[in-house]
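Peer 1: Encoded as structure tokens, here's the structure I'll be asking about.
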Amino acid sequence: MCTIIIADDHPFTLMGTQEFVKSLGYQVIDLCSNGIAACNSILTRKPDVALLDMNMPGMNGIEILEKMGKHKCNTHIVLLTMHNETSIFNRARELGVKGYVLKEFATKELEKCLVEVCNNHTWFSPQLNGLLVVDEQKNGTNELDKLTFSEKKILELVAQQHTTKTIAQMLFITEKTVENHRSSIMKKLGVPPEKNALLIWAIKNGAV
Numbered sequence: 092m093c094t095i096i097i098a099d100d101h102p103f104t105l106m107g108t109q110e111f112v113k114s115l116g117y118q119v120i121d122l123c124s125n126g127i128a129a130c131n132s133i134l135t136r137k138p139d140v141a142l143l144d145m146n147m148p149g150m151n152g153i154e155i156l157e158k159m160g161k162h163k164c165n166t167h168i169v170l171l172t173m174h175n176e177t178s179i180f181n182r183a184r185e186l187g188v189k190g191y192v193l194k195e196f197a198t199k200e201l202e203k204c205l206v207e208v209c210n211n212h213t214w215f216s217p218q219l220n221g222l223l224v225v226d227e228q229k230n231g232t233n234e235l236d237k238l239t240f241s242e243k244k245i246l247e248l249v250a251q252q253h254t255t256k257t258i259a260q261m262l263f264i265t266e267k268t269v270e271n272h273r274s275s276i277m278k279k280l281g282v283p284p285e286k287n288a289l290l291i292w293a294i295k296n297g298a299v
């Protein structure tokens, strides 16, 4: 029987996913509400599968994949996410993700995904085929494509008018790290170093 840990920062989603996975006959050995806890749990408990939300405080799904690669961890990572961006999906594949399930189709697809992944196969949502093509056509020259996943996350929080201090607390990083990311974002986007310039850009360009 496959052992599984589940990580999601939304309590209702976390508990609902747990009940669904248990109903399929799998053993859920841990639940995590942020990326750092999920990363530590994978390294210490060594589950067969880690079912991770993409966006979590502390570390996101891509960052956890990178960490597991450095540790040569044998746990199979499955991302359960709302993201259908080509850049994120391709990066996850480069890092060896075993499964990629879109949340809106999870009820129908998660069972199939777990069966394949527990048998050491990869499984990606078939819905991605059409969605990723549309994404490439629509966003191929998008300014946001210049940013890393972490920078996009911080820009989104800036657009929501969170302060540097609040962003640092939400993401479990230092204020200095947030400031470094902000500087990098502004350089990449060509935003002038003026007060509230990044916030204005983010709102104007729909980064919320």
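Read in order, the letters of the sequence shown are residues 92 to 299 in the working numbering. All residues carry an ideal CB built from backbone N, CA and C; glycine is no exception.
With a 10 Å radius around its C-beta and 16 neighbouring C-beta atoms as the bar for buried, classify M92 as buried or exposed.
Peer 2: Translated into the one-based positions of the sequence shown, residue 92 becomes position 1. When all chains shown are included, M92 counts as exposed.
Peer 1: Roughly how far, in whole angstroms, is the beta-carbon of D144 from the beta-carbon of A98, given that I think they are within contact range, below 8 Å?
Peer 2: Within the sequence shown, the letter at position 53 stands for residue 144. Within the sequence shown, the letter at position 7 stands for residue 98. With 8 Å as the limit, D144 and A98 qualify as a contact, their Cβ atoms being about 6 Å apart.
Peer 1: Do N146 and K244 have their C-beta atoms within less than 8 Å of each other?
Peer 2: Along the sequence shown, read from residue 1 onward, the residue named residue 146 stands at position 55. Along the sequence shown, read from residue 1 onward, the residue named residue 244 stands at position 153. Yes, they are a contact pair.
Peer 1: Considering only their Cβ atoms, is the gap separating L134 from G152 smaller than 8 Å?
Peer 2: Numbered from its first residue, the sequence shown carries residue 152 at position 61. Numbered from its first residue, the sequence shown carries residue 134 at position 43. No, they are not a contact pair.
Peer 1: Can you tell me which of E285, H167 and V249 puts its alpha carbon nearest to the alpha carbon of N211?
Peer 2: Taking the first residue of the sequence shown as 1, we reach residue 211 at position 120. Among E285, H167 and V249, the Cα nearest to that of N211 belongs to H167.
Peer 1: Specify the secondary structure class of C123 as computed by DSSP and reduced to three states.
Peer 2: Within the sequence shown, numbered from 1, the residue matching residue 123 stands at position 32. Strand.
Peer 1: Check this for me: beta carbons of W214 and K203, under 8 Å apart or not?
Peer 2: Stepping through the sequence shown from its first residue, residue 214 is reached at position 123. Stepping through the sequence shown from its first residue, residue 203 is reached at position 112. Yes, they are a contact pair.
Peer 1: Counting only runs that start and end within the stretch 129 to 166, where is the alpha helix (DSSP H) found for 4 or more residues in a row?
Peer 2: 152 to 161
Peer 1: At what residues does the beta strand (DSSP E) containing L235 begin and finish?
Peer 2: Walking along the sequence shown from the start, residue 235 turns up at place 144. Element bounds for L235: n/a, residue is neither H nor E.
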